[in-house]
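Peer 1: Mind having a look at this structure? Questions to follow.
Numbering (full-length UniProt numbering), first residue to last: 1 to 168.
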């Protein structure tokens, strides 16, 4: 009964979500992977902003879940925190709040430096280039881990795909 009463709201909401998704896909043109896409310090499309916000929130949620699972399975009693400033244990903290503190500190410092240097074309273009380069290099740690272990175990579908290929 309640679902029937909400039909007037669900249909337009579904249509709005469809339009936003279509707009986001249309916004992702062939230019998206080029270096000319660096838009720090300049106006850029709203779907890109919303995509970034959704991705950041998703990554923080995954980080929260990973931290909870790792801490629950950890036998080491010594807890690590962001406030320790120990470079040997950087990004291996015991609480999700420490990760949030680090991200906020980085965002604050980077935001302040960007605010001070926003009129410098060299700074803006360098920052944009570094952002694109960082995104392009996200797979390198996994590649290095695979090289060190001489294995691709843990990669999605690789192990089972090789086994089925070898058995045929």
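Beta carbons are placed, not taken as given, at the ideal position from N, Cα and C, and that holds for glycine.
In this text the structure is predicted, and so the values were computed from the model without any measurement.
Could you please give the first and the last residue of the uninterrupted alpha helix (DSSP H) stretch that includes residue 108?
Peer 2: 96 to 117
Peer 1: How many angstroms separate the CA atom of residue 145 from the CA atom of residue 11?
Peer 2: 47 angstroms
Peer 1: Could you tell me whether the Cβ of residue 20 comes closer than 8 angstroms to any Cβ of chain B?
Peer 2: No chain B is present in this structure, which holds just one protein chain.
Peer 1: Return yes when the Cβ of residue 99 is within less than 8 angstroms of the Cβ of residue 134, no when it is not.
Peer 2: no
Peer 1: Is it buried or exposed, residue 122, if we count other Cβ atoms within 10 angstroms and call 16 or more buried?
Peer 2: exposed
Peer 1: So, with DSSP's three-state summary, where would you put residue 84?
Peer 2: Under the three-state reduction of DSSP, residue 84 is assigned to helix.
Peer 1: Using the Cβ count rule (16 or more neighbours within 10 Å means buried), how would you classify residue 8?
Peer 2: Exposed: under 16 other Cβ atoms inside 10 Å.
Peer 1: Determine, using beta carbons only, whether residue 82 and residue 101 come nearer to each other than 8 angstroms.
Peer 2: Cβ distance < 8 angstroms, so residue 82 and residue 101 count as in contact.
Peer 1: When the Cα atoms are used, what is the spatial distance from residue 112 to residue 128?
Peer 2: Approximately 16 angstroms between the Cα atoms of the pair.
Peer 1: Could you say which of 89, 103 and 92 lies nearest to residue 57 if we only look at CA atoms?
Peer 2: 103
Peer 1: Counting only the same chain and skipping the five closest in sequence on each side, list residues whose C-beta sits under 8 angstroms from that of residue 80.
Peer 2: 86, 89, 92, 93, 94 and 98
Peer 1: What separation, rounded to the nearest whole angstrom, lies between the Cα atoms of residue 62 and residue 70?
Peer 2: 12 angstroms
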